[in-house]
Each structure stands twice: as C-alpha cells, then as structure tokens.
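My numbering numbers the first residue of the sequence shown as 363 and each following residue consecutively. Report on the structure given below.
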Amino acid sequence: MGAAIARGLEPGDAVLLSGDLGAGKTALARAVLRALGVDEHVPSPTFTLVQAYDTARLPVRHFDLYRVKRPSELAELGLEEALDDGAALIEWPDRAEGMLPDDALNINLRNVSETAREAHIAGPERWRAFLKAST
363 MGAAIARGLE
373 PGDAVLLSGD
383 LGAGKTALAR
393 AVLRALGVDE
403 HVPSPTFTLV
413 QAYDTARLPV
423 RHFDLYRVKR
433 PSELAELGLE
443 EALDDGAALI
453 EWPDRAEGML
463 PDDALNINLR
473 NVSETAREAH
483 IAGPERWRAF
493 LKAST
C-alpha cells in the first residue's frame, strides 16, 4: 500500500494516518518514503514532531502530532508550508482538526492480529486507481 500511495502523491497532498499505538502508522509512512527512494534511516518523528525528506519527485514531510497540545503549534511545525511545495504524511491527525486539507487521503489502521492490519481508506476519487493496484 505504501508504494501505491507513493505513486499517487502530488504537491499539496496530505495523507492522514490514524489508529491506535502500534497499528502501523509509522510503518506505512516508512513504506511510502522507501517507495519514493528514501534510503536513509526513517525514524518515527514522535519526539522531533516532523522529519523532512527531499525525494526525486517531491519534498515530503512526515509529521507525528501525538505530542501536539495546541493547534497553534502546527504553524510552528510548518504544516502549511509543507503542503505548498510537497506532500505530508501525518500521524495522529485528530490533533490538527480543522487545520487539514478537506481533500486529504484518510487511512485508519487497526490491529487485526499481531501480524495483520486492516486499513479503512477514504479520500478523493483520484486515489482509487493508485490504491486498487495495491490490493
């Protein structure tokens, strides 16, 4: 699924990754970045809140909003600027309610078992073709 998302990413895209702790949000973000050619270590941005990657296709920012307490913190993190020229992978998007694009790709991950996850996906119609290729 990460490769399918990577194929569809365009500047201005936000991919919202929801789910409980351990549901696979960071793993999916890593898969997207790997598919975009990021070879370096991709850490979870839990403590840094944002990691930036310049890929051959577009800049991508990986946000983890778990520790964000106030919406005003998002301006400090550069979320709006990230979408101006690139894409954003956003974990814990509920912390930014009302500040995210309406046309975001929403992926809610749920643990089905220790080795399996279920993804509920909603978003603009244009994503259907990219995501269908991953099933």
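Just so you know, even glycine gets a beta-carbon here, dropped at the ideal spot from N, CA and C. Values in this document were obtained by computation on a predicted structure and should not be read as measured data.
Just verifying my parser: in three-state terms, what is the DSSP assignment at residue i?
i	result
P455	helix
L379	strand
F409	coil
L462	coil
R392	helix
To the nearest angstrom, report how far apart residue i and residue j are at their CA atoms.
i	j	result
D446	L471	27 Å
P407	I469	18 Å
I452	V474	22 Å
T417	M461	25 Å
V377	E435	19 Å
D456	G384	17 Å
V422	V412	10 Å
G485	D465	6 Å
L439	L493	29 Å
K431	A397	32 Å
From the DSSP secondary-structure annotation, give me the bridge partner or partners of residue i.
i	result
V422	Y415, A449
I469	L379, I483
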